[in-house]
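Asks: For the sequence shown, position 453 (counting from the first letter as 1) is numbered 452 according to numbering that gives the first Met the number 0, and the numbering increases by one without interruption. By construction, the Cβ of each residue, glycine as well, lies at the ideal position given by its N, Cα and C atoms. There's a structure below that I have some questions on.
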Amino acid sequence: MDSDGTQEARGTHANPVPRPAGPPEVPAAPPSGHDAPPSGHGAPPGGSNPPSDGRAVPPRPDRAPGVPPMPDGSSFLTWLRTPRPEASPGVWRFGHRPRPAEEPEQIPTRQLLSGALIAFLVGWLIWSLLQNGYLGNWWWVPFDLIVPDAWRGGDSGIGETGTFLVYEGYELLVALAIMVGVSRLGRWGEVWRRFVAPRFRRQVPQEAHPAPQDDPAEWNELRAAGMADAAERLSAEARSGLMRDVDHARILRAWQGVRSGRHSLATFSSTVLRDGAAACLHPSGERDLPSRLARHDLVTGQVRLGTAVDDPRNPYTYRGAGLALGPDLLGTSLVAVGPAGSGKTGAVVRPVAESLCLHALAGRAAVVVVGAAGAGLGPADAYDVVVRIGNQESEYDLDLYGGTTDPDEAAAVLAEALVGDLADPHPGSDSRRSTTVLAQLLGPFRAVHGRFPSVPELRRLLDGSPDLFAALRQGLHDAGQESLLRELDARERQMGQPGDVGGVLADRVALLDRPAFASFFDTSGATRPFTLKALDHPVRVRIDLPERGHADASRMLTRLVLAQFTASVAVREDRSLFACLVLDDATGAVTPEAVRGIQRLRSGNAGVVLTLRTLDDVARPLRGPLLGATGCRMALSGLTPWDGQDFAEVWGKEWIEARDVTDRQIIAETPAGKAVHMLRRVITGKAPTARAVTVRQVERERWSASELAHGVPAGHAVLSLTDVKGEHAPPLLVDLRG
Numbered sequence: 000m001d002s003d004g005t006q007e008a009r010g011t012h013a014n015p016v017p018r019p020a021g022p023p024e025v026p027a028a029p030p031s032g033h034d035a036p037p038s039g040h041g042a043p044p045g046g047s048n049p050p051s052d053g054r055a056v057p058p059r060p061d062r063a064p065g066v067p068p069m070p071d072g073s074s075f076l077t078w079l080r081t082p083r084p085e086a087s088p089g090v091w092r093f094g095h096r097p098r099p100a101e102e103p104e105q106i107p108t109r110q111l112l113s114g115a116l117i118a119f120l121v122g123w124l125i126w127s128l129l130q131n132g133y134l135g136n137w138w139w140v141p142f143d144l145i146v147p148d149a150w151r152g153g154d155s156g157i158g159e160t161g162t163f164l165v166y167e168g169y170e171l172l173v174a175l176a177i178m179v180g181v182s183r184l185g186r187w188g189e190v191w192r193r194f195v196a197p198r199f200r201r202q203v204p205q206e207a208h209p210a211p212q213d214d215p216a217e218w219n220e221l222r223a224a225g226m227a228d229a230a231e232r233l234s235a236e237a238r239s240g241l242m243r244d245v246d247h248a249r250i251l252r253a254w255q256g257v258r259s260g261r262h263s264l265a266t267f268s269s270t271v272l273r274d275g276a277a278a279c280l281h282p283s284g285e286r287d288l289p290s291r292l293a294r295h296d297l298v299t300g301q302v303r304l305g306t307a308v309d310d311p312r313n314p315y316t317y318r319g320a321g322l323a324l325g326p327d328l329l330g331t332s333l334v335a336v337g338p339a340g341s342g343k344t345g346a347v348v349r350p351v352a353e354s355l356c357l358h359a360l361a362g363r364a365a366v367v368v369v370g371a372a373g374a375g376l377g378p379a380d381a382y383d384v385v386v387r388i389g390n391q392e393s394e395y396d397l398d399l400y401g402g403t404t405d406p407d408e409a410a411a412v413l414a415e416a417l418v419g420d421l422a423d424p425h426p427g428s429d430s431r432r433s434t435t436v437l438a439q440l441l442g443p444f445r446a447v448h449g450r451f452p453s454v455p456e457l458r459r460l461l462d463g464s465p466d467l468f469a470a471l472r473q474g475l476h477d478a479g480q481e482s483l484l485r486e487l488d489a490r491e492r493q494m495g496q497p498g499d500v501g502g503v504l505a506d507r508v509a510l511l512d513r514p515a516f517a518s519f520f521d522t523s524g525a526t527r528p529f530t531l532k533a534l535d536h537p538v539r540v541r542i543d544l545p546e547r548g549h550a551d552a553s554r555m556l557t558r559l560v561l562a563q564f565t566a567s568v569a570v571r572e573d574r575s576l577f578a579c580l581v582l583d584d585a586t587g588a589v590t591p592e593a594v595r596g597i598q599r600l601r602s603g604n605a606g607v608v609l610t611l612r613t614l615d616d617v618a619r620p621l622r623g624p625l626l627g628a629t630g631c632r633m634a635l636s637g638l639t640p641w642d643g644q645d646f647a648e649v650w651g652k653e654w655i656e657a658r659d660v661t662d663r664q665i666i667a668e669t670p671a672g673k674a675v676h677m678l679r680r681v682i683t684g685k686a687p688t689a690r691a692v693t694v695r696q697v698e699r700e701r702w703s704a705s706e707l708a709h710g711v712p713a714g715h716a717v718l719s720l721t722d723v724k725g726e727h728a729p730p731l732l733v734d735l736r737g
């Protein structure tokens with residue numbers, strides 16, 4: 000147990016959810032059953048091999064945890080000192096080289112090279128004519144005016160050699176002047192930049208050595224606050240190879256807590272002096288993930304998804320740049336749509352989940368990842384809590400009521416999970432009747448038993464079990480709960496009436512009252528239920544949905560987790576911690592209440608990531624509101640034209656410059672002209688024409704439904720982005736494999 004009474008993340012404890020070890024200055028005890036990381040565990044992330052395009056690569060683990068670190072911290076220091084300039088939303092900032100806002104006018108290669116050659120030949124011809132006197136001797140006039148007469152003769156005192164050099168030097172100056180003129184005329188500088196300079200450019204960027212006052216490895220903020228000893232300890236750890244990117248991000252997060260007044264400056268300093276790079280550990284005691292598949296940069300908080308294609312449809316500033324996501328973009332939520340095999344899980348969900356787990360280890364985020372068992376959402380060791388619903392070996396259970404003790408709140412969340420997909424899909428509708436029915440049962444039951452009903456008990460209540468109702472009535476009568484007795488009486492009167500939703504609710508609860516879930520959703524306190532109320536802390540959670548044969552139950556549980564998430568993040572005390580819910584398959588989870596909940600997440604520093612095989616999995620009236628509620632929208636390859644139409648509508652139109660080219664046949668009227676035209680037709684095979692070009696401004700869709708359905712290559716996606724500040728990027732064609 001930690002010093003503040005918090006239980007450890009693993010091992011035997013009463014608290015169902017791992018809690019942080021209190022303020023960052025208090026180190027967390029290592030999880031039971033696990034040894035504390037050795038002092039050498041904490042080497043800088045390795046893997047510094049650059050990509051073929053010459054861009055720098057952020058460090059990544061090059062060995063399993065526990066392997067002795069590298070003898071120095073050169074890889075970590077290179078990563079930390081790499082420039083990260085400000086850029087447009089979604090641009091991978093690590094080592095980014097900004098480009099102009101507008102594409103410079105590019106001369107065709109054939110025209111450029113031919114012009115350069117012709118300019119050279121013209122310069123050579125002029126020089127030859129001057130040398131041979133065909134243009135006269137006027138070009139010697141400046142020489143005669145400037146050079147003294149004594150220098151022109153062999154007996155001038157400078158000797159014949161000096162005289163020769165004077166004349167040759169003047170001719171060289173004239174030749175250089177001619178070369179400068181023809182080089183400008185022939186655009187030799189452009190030829191050099193496009194064809195020669197790239198061959199001399201180094202592929203591996205040299206390590207930058209900033210000034211000490213600008214070096215992030217010197218921890219100048221700590222020095223300015225009077226903690227020179229702590230700053231020197233961290234700098235020494237970085238130089239010796241004992242610090243990694245997660246350590247740097249975690250200590251920076253703790254320092255932000257000190258600056259905001261949440262933690263003590265003195266205690267923070269003493270902890271850093273004692274533990275160095277291992278200070279302020281996550282409650283799990285982990286300093287990194289077991290493995291990484293994506294490329295991460297914890298300084299900017301980004302995870303790289305791919306590369307913006309060098310395509311005319313992409314803005315020039317994005318072409319060739321890396322595309323990345325971070326909390327600033329995920330805070331507006333993301334919806335990704337694509338058929339099976341298009342890369343939703345491997346190229347989007349897995350990297351995002353991995354990034355958020357790293358943020359959680361750094362004390363910056365809390366993440367809940369929901370997907371089918373075996374979906375490839377990361378190893379179990381990468382999470383603090385793994386809930387395997389339907390698997391009897393699962394260590395954790397799921398709280399059906401979200402950890403609340405308020406019957407009305409529990410009824411609202413449970414109603415959304417049970418019948419939210421059956422509500423009128425119009426955005427203004429609600430499921431108030433279902434909430435009322437559940438509240439009429441949950442309130443009396445909790446008043447009598449001190450807990451909410453289990454799944455079998457809730458099913459019997461909804462079915463109107465006489466003995467259960469009689470027991471509740473007697474318990475309420477004995478406790479003097481007259482108001483709750485009236486609630487119970489009202490429920491009995493409504494049962495069996497036309498329009499009563501109790502039967503529908505009972506049928507939905509029956510999906511969870513199966514032998515596979517017999518040991519789950521327990522309310523007696525015998526299990527360790529996970530509740531989303533724990534998102535006040537940097538926790539990593541993975542929820543595995545039931546395997547095949549329970550598709551309806553899986554969709555219902557997905558709605559339950561989404562409803563609990565949107566309800567819990569709205570009442571968090573510490574909103575500086577980013578909370579994110581990742582749904583690997585959101586089929587059946589998008590309801591009117593879910594859309595309203597997603598709209599409220601941005602103000603609570605939270606977001607969701609939803610993936611769908613097709614927008615047909617969402618009711619037609621909700622497709623527009625869903626795409627409007629999410630700031631980041633992704634259409635992967637293989638989209639249907641109907642789905643493409645919805646994306647085309649939400650992305651809107653733009654003004655472009657259209658060129659209409661018209662070829663008009665030239666009619667010769669004279670015999671000589673007719674003969675020339677006949678000769679041209681014999682040589683070229685085409686009639687002589689005159690070309691007319693009309694330029695006009697037109698409005699057209701950024702991406703049409705047909706382009707989205709048939710013009711996105713495999714392994715690519717079209718992605719639009721909006722950050723929490725309101726800045727946005729237009730739809731970008733992204734190579735998810737780059």
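1) Evaluate the contact criterion for the segment 317–336 versus the segment 222–229: three or more CB pairs, one atom per stretch, below 8 Å.
2) According to DSSP, simplified to helix, strand and coil, what is S575?
3) How is K724 classed by DSSP in three states: helix, strand or coil?
4) On the three-pair Cβ rule with 8 Å, is the segment 450–458 touching the segment 483–490?
5) Which two residues bound the contiguous beta strand (DSSP E) that contains W654?
6) Using only alpha-carbon positions, find the residue among K724, G643, R349, A372 that is nearest to L544.
7) Please classify Q644: is it buried, with 16 or more other beta-carbons within 10 angstroms of its beta-carbon, or exposed?
8) Return helix, strand or coil for C356, following the three-state DSSP convention.
9) Pick helix, strand or coil for D228, following the three-state DSSP scheme.
10) Just confirm the distance between the C-beta atoms of A335 and L635, as a whole number of angstroms; I'd bet it's less than 8 Å.
11) Excluding the 5 residues preceding and the 5 following D462 in the sequence, name in chain order all residues of the same chain whose CB lies nearer than 7 Å to its CB.
12) Taking DSSP's pairing of strands, which residues face M633 in a bridge?
13) For R658, does the count of other Cβ atoms within 10 angstroms reach 16, so buried, or fall short, so exposed?
14) Does the structure place the segment 658–675 close enough to the segment 711–731 that three or more beta carbon pairs sit under 8 Å?
15) Using only the alpha-carbon positions, how far apart do P82 and W218 sit?
16) By a C-beta neighbour count over all protein chains shown, 10 Å radius and 16 as the cutoff for buried, is A265 buried or exposed?
17) Please state whether the Cβ-Cβ distance between L774 and Y395 is less than 8 Å.
18) Measure the alpha-carbon distance for P37 versus D228 and round it to whole angstroms.
19) Skipping 5 residues on each side, what residues in its chain have a beta carbon closer than 7 Å to that of L272?
20) May I ask you to verify whether the segment 357–373 touches the segment 286–299, counting CB pairs closer than 8 Å and requiring at least 3?
21) Could you tell me whether the Cβ atoms of D420 and T590 are closer together than 8 Å?
22) Can you tell me where the alpha helix (DSSP H) with D466 in it begins and where it stops?
23) Please go through the same chain and pick out, in chain order, the residues whose beta-carbon is closer than 7 Å to the beta-carbon of W126, but skip the five residues on each side of it.
24) Would E415 pass as a contact of R558 if the rule is Cβ separation under 8 Å?
25) Which of the three DSSP states, helix, strand or coil, is assigned to A149?
26) By the DSSP assignment, the alpha helix (DSSP H) with L437 in it spans what residues?
27) Tell me which same chain residues have a C-beta within less than 6 Å of the C-beta of G319, skipping the five on either side of it?
28) Which same chain residues, not among the five before or five after P338, have their C-beta less than 6 Å away from its C-beta?
29) Whole angstroms are fine: how far does the CA of I250 sit from the CA of S268?
30) Go to I117, then tell me how far its alpha helix (DSSP H) extends in each direction, as first and last residue.
31) Helix, strand or coil for P742? Go by DSSP, reduced to three states.
32) Over what stretch of residues does the alpha helix (DSSP H) that includes V366 continue unbroken?
33) Give the DSSP-derived three-state secondary structure of H247 in the structure shown.
34) What did DSSP end up calling L511 once you bin it into helix, strand or coil?
35) Apart from the five residues on each side of it in sequence, which residues of its chain come closer than 7 Å, Cβ to Cβ, to S51?
36) Straight-line CA distance for A728 to E648?
Replies: Reading from the atomic positions:
1) no
2) As a working note, residue 575 is residue 576 in the sequence shown. Looking at S575 - three-state DSSP - the assignment turns out to be coil, as it is neither helix nor strand.
3) The sequence position of residue 724 within the sequence shown is 725, counting from 1. Of the three classes helix, strand and coil, the one that applies to K724 here is coil, per DSSP.
4) No: fewer than three Cβ pairs fall under 8 Å.
5) As a first step, residue 654 is located in the sequence shown; it is residue number 655 there, counting from the start. Segment 652–664, the beta strand (DSSP E) holding W654.
6) Within the sequence shown, numbered from 1, the residue matching residue 544 stands at position 545. It is A372 whose Cα lies nearest to the Cα of L544.
7) The count along the sequence shown starts at 1 and reaches residue 644 at position 645. For Q644, the number of other beta carbons within 10 angstroms of its own is at least 16, and it is reported as buried.
8) Along the sequence shown, one-based indexing puts residue 356 at 357. Note: C356 maps to helix in three-state DSSP.
9) The residue you call residue 228 lines up with position 229 of the sequence shown. Helix, per DSSP.
10) Locating residue 335 in the sequence shown gives position 336, counting from the first residue. Locating residue 635 in the sequence shown gives position 636, counting from the first residue. The Cβ separation is near 7 Å, so the contact holds.
11) Residue mapping note: residue 462 aligns to position 463 of the sequence shown, counting from 1. Counting only Cβ-Cβ distances below 7 Å, and skipping sequence neighbours, we find A505.
12) Numbered from its first residue, the sequence shown carries residue 633 at position 634. Its beta-bridge partners are A335, L718.
13) Taking the sequence shown and counting its residues from 1, the one referred to as residue 658 is at position 659. By the 10 Å Cβ count, R658 comes out exposed.
14) no
15) In the sequence shown, counting from the first residue as 1, residue 82 sits at position 83. In the sequence shown, counting from the first residue as 1, residue 218 sits at position 219. Straight through space, the alpha carbons of W218 and P82 are spaced by roughly 16 Å.
16) Residue numbering aside, residue 265 sits at position 266 when the sequence shown is read from its first letter. Its Cβ having fewer than 16 others within 10 Å, A265 is exposed.
17) Here the chain comprises residues numbered 0 to 737, so residue 774 is not present and cannot be evaluated.
18) Indexing the sequence shown from 1 puts residue 37 at position 38. Indexing the sequence shown from 1 puts residue 228 at position 229. Because P37 carries a pLDDT of 32, less than 50, the predicted location of this residue cannot be relied on, and the following value inherits that uncertainty. Each residue's alpha carbon lies about 23 Å from the other.
19) Counting from 1 along the sequence shown, the entry for residue 272 is found at position 273. So the qualifying residues of the chain are D228, A229, R232.
20) yes
21) In the sequence shown, counting from the first residue as 1, residue 420 sits at position 421. In the sequence shown, counting from the first residue as 1, residue 590 sits at position 591. The Cβ-Cβ distance between D420 and T590 falls below 8 Å.
22) Reading the sequence shown from its first residue, position 467 is the one you call residue 466. Segment 465–478, the alpha helix (DSSP H) holding D466.
23) For the purposes of this step, residue 126 is identified with residue 127 of the sequence shown, where counting begins at 1. So the list reads A174, I177, once near-sequence residues are dropped.
24) Against the sequence shown, residue 415 aligns to sequence position 416. Against the sequence shown, residue 558 aligns to sequence position 559. Yes.
25) Counting from one through the sequence shown, the residue named residue 149 turns up at place 150. Reduced to three states, the DSSP call for A149 is helix.
26) Against the sequence shown, residue 437 aligns to sequence position 438. Per DSSP, L437 belongs to the alpha helix (DSSP H) from 431–448.
27) In the sequence shown, the residue the question calls residue 319 occupies position 320. So the qualifying residues of the chain are D309.
28) The residue given as residue 338 occupies position 339 in the sequence shown. These residues qualify, in order along the chain: R612, G637.
29) As a first step, residue 268 is located in the sequence shown; it is residue number 269 there, counting from the start. As a first step, residue 250 is located in the sequence shown; it is residue number 251 there, counting from the start. If I take the Cα positions, the gap works out to 11 Å.
30) Counting from one through the sequence shown, the residue named residue 117 turns up at place 118. Counting along the chain, the alpha helix (DSSP H) containing I117 begins and ends at 108–130.
31) This structure does not reach residue 742, given that the chain is present from 0 up to 737, and the question cannot be answered.
32) If you number the sequence shown from 1, residue 366 lands on position 367. Premise fails: V366 lies in the beta strand (DSSP E), 364–371, not in any alpha helix (DSSP H).
33) Position 248 of the sequence shown, counted from the start, is the residue given in the question as residue 247. Note: H247 maps to helix in three-state DSSP.
34) Position 512 of the sequence shown, counting from 1, holds the residue named residue 511. Looking at L511 - three-state DSSP - the assignment turns out to be coil, as it is neither helix nor strand.
35) As a first step, residue 51 is located in the sequence shown; it is residue number 52 there, counting from the start. Per-residue confidence for S51 stands at a pLDDT of 36, beneath the threshold of 50, marking its modelled position as unreliable; the derived number appears in the next sentence. For S51, where only same-chain residues beyond five positions count, there are no Cβ hits under 7 Å.
36) Against the sequence shown, residue 728 aligns to sequence position 729. Against the sequence shown, residue 648 aligns to sequence position 649. When rounded, the distance between both Cα atoms is 16 Å.
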